[in-house]
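Colleague: Sharing a structure below in structure tokens format, with a few things to ask.
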Amino acid sequence: MQTLSLWEHTLTFFPQFLGALRERTPADSTVAVIGASDGKFVLPLTAAGYRVVAIERDPFALHGGPVSLPGDSEAHAPGLIDRLTSEKLHDRVQVIEEDFLTTEIPEGHCDAVWTSCSWHYSANHRSPLADFVGRMQSLVRKRGLFGAEFMMPVEARHQFIEHYTSPEELAGHFGAGWNVQLTLRTGPFTEQPHIGQPYDHTHRMGLLIAARTAT
Ligand SMILES: C[S@@+](CC[C@H](N)C(=O)[O-])C[C@H]1O[C@@H](n2cnc3c(N)ncnc32)[C@H](O)[C@@H]1O
Numbered sequence: 002m003q004t005l006s007l008w009e010h011t012l013t014f015f016p017q018f019l020g021a022l023r024e025r026t027p028a029d030s031t032v033a034v035i036g037a038s039d040g041k042f043v044l045p046l047t048a049a050g051y052r053v054v055a056i057e058r059d060p061f062a063l064h065g066g067p068v069s070l071p072g073d074s075e076a077h078a079p080g081l082i083d084r085l086t087s088e089k090l091h092d093r094v095q096v097i098e099e100d101f102l103t104t105e106i107p108e109g110h111c112d113a114v115w116t117s118c119s120w121h122y123s124a125n126h127r128s129p130l131a132d133f134v135g136r137m138q139s140l141v142r143k144r145g146l147f148g149a150e151f152m153m154p155v156e157a158r159h160q161f162i163e164h165y166t167s168p169e170e171l172a173g174h175f176g177a178g179w180n181v182q183l184t185l186r187t188g189p190f191t192e193q194p195h196i197g198q199p200y201d202h203t204h205r206m207g208l209l210i211a212a213r214t215a216t
């Protein structure tokens with residue numbers, strides 16, 4: 002890749018999702034990425050041959066602009082659109098610049114759906130976590146794949162916000178019509194400074210991968 006995502010060095014379970022995707026879906030499948038940001042996962046998915054529907058509501062993440070980096074330095078961040086263009090991958094990606102909670106995408110439109118640390122954003126707390134998860138589930142065709150990595154509670158205030166969840170609680174959203182394939186979790190770990198977080202800070206992350214059944 003000619004450019005790096007601003008999130009390039011944050012911890013991720015994406016390799017586990019990509020492994021499940023390769024096992025279960027053809028190489029030219031369509032994957033929806035919810036909270037696509039500047040393309041940390043959109044670019045590798047597209048480069049691997051997948052078509053991608055990238056949903057992101059933050060104009061800066063999509064179109065780029067000036068950014069303050071850890072260490073008080075300023076830079077220009079390219080954003081998803083420029084990154085796709087410079088890699089000549091733009092014709093395989095449909096970018097939807099909207100709030101996922103209100104955007105309209107046909108049910109079963111995608112072979113798989115993926116999100117990384119998006120639903121804990123405070124703007125999503127206005128509706129139950131079930132709305133976000135249910136919308137993601139509805140995009141997936143029968144026999145398709147659902148993958149989410151997410152923030153688990155660390156601070157006391159997180160205990161009162163259901164959007165900081167655990168693999169066990171999240172699995173409760175996957176009843177008839179779904180098989181949970183894999184759950185993983187980290188303990189508390191120190192994440193180095195990144196955009197929006199200028200200091201070392203503590204996270205705990207979870208992963209859930211589920212497959213939609215044929216019925
Ligand atoms: C932590 S960032 C993503 C970092 C991650 N490592 C990556 O590149 O995928 C989460 C992104 O989700 C987006 N997001 C959160 N809620 C959203 C929503 N309801 N609709 C669209 N985008 C959303 C945010 O704007 C942000 O860009």
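The sequence shown begins at 2 in this note's numbering and counts up one residue at a time.
Note that beta-carbon positions come from the ideal geometry of N, C-alpha and C, so glycine has one too.
For T99, tell me which candidate among E75, A124, H110 has the shortest Cα-Cα distance.
Modeller: As a working mapping, residue 99 is identified with position 98 in the sequence shown. Contrary to the premise, residue 99 reads as Glu rather than Thr in this sequence. Of the candidates E75, A124, H110, the one whose C-alpha sits nearest the C-alpha of E99 is A124.
Colleague: So is the beta-carbon of E170 under 7 Å away from any non-hydrogen atom of ligand 1?
Modeller: Within the sequence shown, numbered from 1, the residue matching residue 170 stands at position 169. Flag unset: Cβ of E170 not near ligand 1.
Colleague: Would you check if the stretch 27-34 and the stretch 5-17 touch, i.e. whether three or more CB-CB distances between them fall below 8 Å?
Modeller: In short, these stretches do not touch, since the Cβ pair count stays below three.
Colleague: Can you tell me which residues fall inside 6 Å of ligand 1, judged by beta-carbon distance to its nearest heavy atom, and keep chain order?
Modeller: Result: S6, W8, T11, G36, S38, K41, F42, I56, E57, R58, D59, A62, D100, F101, L102, S117, C118, S119, Y122, N125.
Colleague: Looking at C-alpha atoms only, which residue of R84, R158, H10, G109 is the closest neighbour of L44?
Modeller: Translated into positions along the sequence shown, residue 44 becomes position 43. Looking at the Cα atoms, R84 is the closest of the given residues.
Colleague: Using three-state DSSP, classify D73 as helix, strand or coil.
Modeller: Looking up residue 73 in the sequence shown gives position 72. If DSSP states are grouped into helix, strand and coil, D73 belongs with coil.
Colleague: Pull up the distance between the alpha-carbon of L140 and that of R213, whole angstroms please.
Modeller: The residue labelled residue 140 in the question sits at position 139 within the sequence shown. The residue labelled residue 213 in the question sits at position 212 within the sequence shown. L140 and R213: Cα-Cα distance of roughly 11 Å.
Colleague: When the Cα atoms are used, what is the spatial distance from K89 to F161?
Modeller: Along the sequence shown, one-based indexing puts residue 89 at 88. Along the sequence shown, one-based indexing puts residue 161 at 160. Each residue's Cα considered, the two are about 44 Å apart.
Colleague: Does the distance from the CB of T47 to the CB of V54 come in under 8 Å?
Modeller: Sequence index remark: in the sequence shown, residue 47 carries index 46 (1-based). Sequence index remark: in the sequence shown, residue 54 carries index 53 (1-based). In this structure, V54 does not lie closer than 8 Å to T47 by Cβ.
Colleague: Could you spell out the range, first to last residue, of the alpha helix (DSSP H) harbouring G20?
Modeller: Indexing the sequence shown from 1 puts residue 20 at position 19. Its alpha helix (DSSP H) spans residues 15-25.
Colleague: Tell me whether the beta-carbon of T26 lies closer than 8 Å to the beta-carbon of L146.
Modeller: What you label residue 26 is simply residue 25 of the sequence shown in a count that begins at 1. What you label residue 146 is simply residue 145 of the sequence shown in a count that begins at 1. A contact, by the Cβ cut-off of 8 Å.
Colleague: With a 10 Å radius around its C-beta and 16 neighbouring C-beta atoms as the bar for buried, classify E150 as buried or exposed.
Modeller: For the purposes of this step, residue 150 is identified with residue 149 of the sequence shown, where counting begins at 1. Burial call: buried.
Colleague: If contact is defined by three or more beta carbon pairs under 8 Å, each pair taking one atom from either stretch, is the stretch 172-182 in contact with the stretch 200-212?
Modeller: Yes, the stretch 200-212 is in contact with the stretch 172-182.
Colleague: Look up N180 in the DSSP assignment and give the residues it is bridged to.
Modeller: Locating residue 180 in the sequence shown gives position 179, where the first residue counts as 1. A212.
Colleague: Let's see if you can read the secondary structure: which residues bound the beta strand (DSSP E) around T191?
Modeller: To locate residue 191, count along the sequence shown from 1; it is residue 190. Unbroken beta strand (DSSP E) run through T191: 190-192.
Colleague: Throw me the rounded Cβ distance for the M153 and M206 pair, which I believe falls under 8 Å.
Modeller: For the purposes of this step, residue 153 is taken as the residue at position 152 of the sequence shown. For the purposes of this step, residue 206 is taken as the residue at position 205 of the sequence shown. Correct: roughly 6 Å between the Cβ atoms.
Colleague: Just confirm the distance between the C-beta atoms of G80 and H64, as a whole number of angstroms; I'd bet it's less than 8 Å.
Modeller: Residue numbering aside, residue 80 sits at position 79 when the sequence shown is read from its first letter. Residue numbering aside, residue 64 sits at position 63 when the sequence shown is read from its first letter. Sure, about 5 Å apart at Cβ, within 8 Å.
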